[in-house]
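Peer 1: Structure provided below as structure tokens; questions to follow.
Numbering (full-length UniProt numbering), first residue to last: 1 to 275.
This is how it looks when you write it as structure tokens:
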């Protein structure tokens with residue numbers, strides 16, 4: 001279907017791997033816009049070449065400044081302009097929200113086209129509880145930041161979804177095994193491509209597999225929510241005794257609370273008894 005598009009911003013989801021996943025509506029919009037704002041013109045250029053379009057491409061990424069945004073806003077005030085990311089749904093851990101916000105503030109029409117999202121595809125494949133989930137962006141790269149984000153989200157009663165890269169997967173799984181012991185994880189990679197894979201299990205077991213079979217490609221990393229039932233295998237007294245060898249009771253309780261998600265005051269009372 002071809003028709004003239006009204007001026008404004010069109011947020012267009014593009015395939016995350018399999019080019020067959022592009023929607024008919026997305027094709028129609030990409031054909032009819034004046035320009036396509038994209039993270040990398042080379043990546044989007046391949047998609048446009050596949051579709052047979054020679055639409056003007058304008059780079060708009062994390063490094064885009066206010067002047068770049070102003071030029072795009074001026075263009076979309078008079079013409080239809082599409083916004084795409086390198087793959088998947090724009091603005092999901094991709095640049096673009098400032099552009100959308102400015103367009104809305106100026107009364108420029110904004111239209112979003114539904115389509116592929118790696119986070120949603122990974123969630124549906126994982127076998128983890130999907131009645132509630134929290135997308136938390138990219139898993140932190142540094143050890144302290146990983147520990148902090150896991151501590152922050154430990155008590156969230158929902159499956160946690162992160163994006164991760166293959167070279168950092170081992171460190172991520174080790175952090176989860178250390179700071180969220182007993183939680184299942186799911187690793188989904190190469191989604192919608194020939195070698196698509198999704199593995200679910202304890203992080204230490206998944207890590208052991210990938211130590212022998214190094215992963216490639218972009219990864220969706222998911223962590224199961226906390227269990228309603230107490231972990232009978234968790235020896236709290238042993239954890240407290242270990243910490244009490246090198247720390248005061250208050251410090252020991254704080255460390256065990258951070259590692260297990262248990263109540264700090266209860267742990268402190270028990271630490272005093274064991275001291």
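C-beta atoms are modelled at their ideal positions from N, C-alpha and C, and glycine is treated no differently. If you're wondering where the values come from, they're calculated on a predicted model, not measured in any experiment.
Anyone know if the C-beta pair for residue 95 and residue 11 falls short of 7 Å?
Peer 2: No, the pair does not count as a contact, with Cβ atoms beyond the cut-off.
Peer 1: Name the residue from 6, 60, 98 whose alpha carbon lies nearest to the alpha carbon of residue 79.
Peer 2: Looking at the Cα atoms, 6 is the closest of the given residues.
Peer 1: For the alpha helix (DSSP H) containing residue 266, name the first residue and the last one.
Peer 2: First-last of the alpha helix (DSSP H) with residue 266: 264-274.
Peer 1: Between the segment 34-46 and the segment 100-118, do three or more beta carbon pairs fall short of 8 Å?
Peer 2: As far as the Cβ criterion goes, the segment 34-46 does not touch the segment 100-118, which means the pair count is below three.
Peer 1: What are the residues that DSSP puts in a beta bridge with residue 278?
Peer 2: This structure cannot settle anything about residue 278, because the visible part of the chain is limited to 1 through 275.
Peer 1: Nearest-angstrom Cα distance between residue 185 and residue 222?
Peer 2: If you take the alpha carbons of residue 185 and residue 222, they lie about 5 Å apart.
Peer 1: Do you know how far the Cα of residue 208 is from the Cα of residue 172?
Peer 2: Their backbone Cα atoms lie some 13 Å apart in a straight line.
Peer 1: Determine the contact status of residue 158 and residue 132, defining contact as a CB-CB distance below 7 Å.
Peer 2: Contact: yes.
Peer 1: What whole-angstrom Cβ distance do residue 187 and residue 199 have, given they're in contact under 8 Å?
Peer 2: Yes, residue 187 and residue 199 are in contact; Cβ-Cβ is about 5 Å, under 8 Å.
Peer 1: Give the DSSP-derived three-state secondary structure of residue 176 in the structure shown.
Peer 2: Residue 176 falls in the helix class under three-state DSSP.
Peer 1: Exposed or buried, residue 24, counting other C-beta atoms within 10 Å across all chains shown (16 or more means buried)?
Peer 2: Residue 24 is exposed by the Cβ-count criterion.
Peer 1: Distance, Cα to Cα, residue 20 vs residue 217?
Peer 2: If you take the alpha carbons of residue 20 and residue 217, they lie about 19 Å apart.
Peer 1: Going by the CB atoms, is the gap between residue 267 and residue 249 shorter than 7 Å?
Peer 2: It is not a contact, given that the beta carbons lie outside the stated cut-off.
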